[in-house]
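Trainee: Quick note: to get our numbering, add 67 to the position in the sequence shown (first position is 1).
Even for Gly, the Cβ is constructed at its ideal location relative to N, Cα and C.
Okay, here's the structure, questions in a sec.
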Amino acid sequence: MAKQEIKPHTMLAGASLWAAQKGRTFIDEQVDPKAHAIERLNQYLSANFQFFRKNPSEAFAISAIYFFGQSDASLQATYKQIQTLNVERFEANLLQISYEKGKTLNNSLPLAETIQSIMIGEIFKLINTSTQKQFKEREANLLLQIKYLIESALR
Numbered sequence: 068m069a070k071q072e073i074k075p076h077t078m079l080a081g082a083s084l085w086a087a088q089k090g091r092t093f094i095d096e097q098v099d100p101k102a103h104a105i106e107r108l109n110q111y112l113s114a115n116f117q118f119f120r121k122n123p124s125e126a127f128a129i130s131a132i133y134f135f136g137q138s139d140a141s142l143q144a145t146y147k148q149i150q151t152l153n154v155e156r157f158e159a160n161l162l163q164i165s166y167e168k169g170k171t172l173n174n175s176l177p178l179a180e181t182i183q184s185i186m187i188g189e190i191f192k193l194i195n196t197s198t199q200k201q202f203k204e205r206e207a208n209l210l211l212q213i214k215y216l217i218e219s220a221l222r
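Okay, here's the thing in structure tokens:
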């Protein structure tokens, strides 16, 4: 019987997909589907922060995909899968916000990608945040940044 080689990138991809699914489940449990779209978006963003704060192992697995997924060909498919699912969630929320406010939102996909990028950047900073006060400040900063982006995008 031939010895089977386990490749580190395969393990990382699998761990990241598992962690991302665990995160989506956690996040979905925190979001009230009956809330207004802007509130759901805030709940979604906050739940992302909570998940990364409460699940450091999963946070590091997902973070590794964001660090290496764009430059390592063996991880690109995993990166794209995780990124696409997250951006689609943001885009759906943005379109609902636009609908509820009765305003036009052109180019929702680039805005969703921008929000995703800002959130991931803040989450990377969060990994090194030790106090609850710092955590709350980062979360509030993220929500404020996203609010301004959305307000400027709605016409």
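(1) Within a Cβ cutoff of 6 Å, which residues of the same chain sit near residue 82, ignoring the five residues on either side of it in sequence?
(2) Under the rule that 16 or more other beta-carbon atoms within 10 Å means buried, what is residue 194, buried or exposed?
(3) Give me the Cα-Cα distance between residue 141 and residue 120, rounded to the nearest whole angstrom.
(4) Can you list, in chain order, the residues of its chain with a C-beta nearer than 7 Å to that of residue 118? Leave out the 5 residues immediately preceding and following it.
(5) Are the CB atoms of residue 180 and residue 116 within a distance shorter than 8 Å?
(6) Alpha carbon to alpha carbon, how far is residue 217 from residue 143? Give it in angstroms, no decimals.
(7) In terms of alpha-carbon separation, which member of 190, 154, 187 lies closest to residue 178?
(8) By how many angstroms is the C-alpha of residue 172 removed from the C-alpha of residue 221?
(9) Quick check: the Cα distance between residue 132 and residue 145, rounded to an integer number of angstroms?
(10) At the level of alpha carbons, what is the spacing between residue 192 and residue 147?
(11) In the DSSP assignment, the alpha helix (DSSP H) including residue 102 goes from what residue to what residue?
(12) Fully enclosed by the segment 136-220, which beta strand (DSSP E) runs are 3 residues long or longer?
(13) Using the Cα positions of residue 204 and residue 184, report the straight-line distance between them to the nearest angstrom.
(14) Suppose the cutoff is 8 Å on Cβ atoms and the five residues either side in sequence are ignored; what does the same chain contact list for residue 202 look like?
(15) What number of angstroms, rounded off, separates the C-alpha of residue 105 from the C-alpha of residue 151?
Mentor: Taking the geometry as given:
(1) 128
(2) exposed
(3) Our two residues, residue 141 and residue 120, have alpha carbons roughly 28 Å apart in a direct line.
(4) 90, 93, 94
(5) no
(6) 29 Å
(7) 154
(8) About 5 Å.
(9) 7 Å
(10) Between the alpha carbons of residue 192 and residue 147 lies a gap of roughly 22 Å.
(11) Unbroken run through residue 102: none, as it is neither H nor E.
(12) none
(13) 18 Å
(14) 116, 120, 193, 196
(15) Taking the CA atoms as reference points, residue 105 sits about 21 Å from residue 151.
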